[in-house]
Amino acid sequence: MMQALIHRYTQLRDDAREQLGKGHVDYVAYCNIVIALAEPDPKQALLVKIAAAQDAIVRNDQRNWNRREGYRGYYRREIALFEQALRDLDHARGGGQ
Numbered sequence: 001m002m003q004a005l006i007h008r009y010t011q012l013r014d015d016a017r018e019q020l021g022k023g024h025v026d027y028v029a030y031c032n033i034v035i036a037l038a039e040p041d042p043k044q045a046l047l048v049k050i051a052a053a054q055d056a057i058v059r060n061d062q063r064n065w066n067r068r069e070g071y072r073g074y075y076r077r078e079i080a081l082f083e084q085a086l087r088d089l090d091h092a093r094g095g096g097q
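Each residue of the sequence shown is one higher than the one before, counting from 1 in my numbering.
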């Protein structure tokens, strides 16, 4: 089940690279998701990535108040993709953990 999930997100990453480019938030998030899913504790790795993105919103709000909506949108999209990966991981493992 985990291999199928990793394969799915690898395909999403590759599709995002082809369609959106390497600098797009979807590509970056999918790269991070593939890495997290390969970790010994993928759920914890994804939770750390969510926390880091949330922290980045706060840091960027403080430093770049005039451009904060752009940063917020980027990190909110990243968080949404990480949260979807968490749901997929729980589903792949046979329910909530």
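Ideal Cβ positions, reconstructed from N, Cα and C, are used throughout, including at glycine.
Query: Sub-8 Å separation of L20 and A36 beta-carbons; Result: no
Query: Under 8 Å between C-beta atoms of R17 and Y27; Result: yes
Query: N-terminal and C-terminal residue of the alpha helix (DSSP H) that P40 is part of; Result: Note, P40: premise wrong, no alpha helix (DSSP H); not H, not E.
Query: Extent of the continuous alpha helix (DSSP H) run through H7; Result: 2 to 20
Query: R61 versus A52 - alpha carbon distance; Result: It is Asp, not Arg, that sits at residue 61 in the sequence shown. Going from the Cα of D61 to the Cα of A52 covers about 14 Å.
Query: Proximal residues to M1 (C-beta, below 6 Å), its chain only, five neighbours per side dropped; Result: A92
Query: Nearest-angstrom beta carbon gap, K43 and F82 [assumed within contact, 8 Å]; Result: Not really, about 11 Å apart at Cβ, beyond 8 Å.
Query: Separation of Y30 from R76, as counted between CA atoms; Result: 14 Å
Query: Beta-carbon separation (whole angstroms), I33 vs A80, contact threshold 8 Å; Result: No, I33 and A80 are not in contact; Cβ-Cβ is about 12 Å, not under 8 Å.
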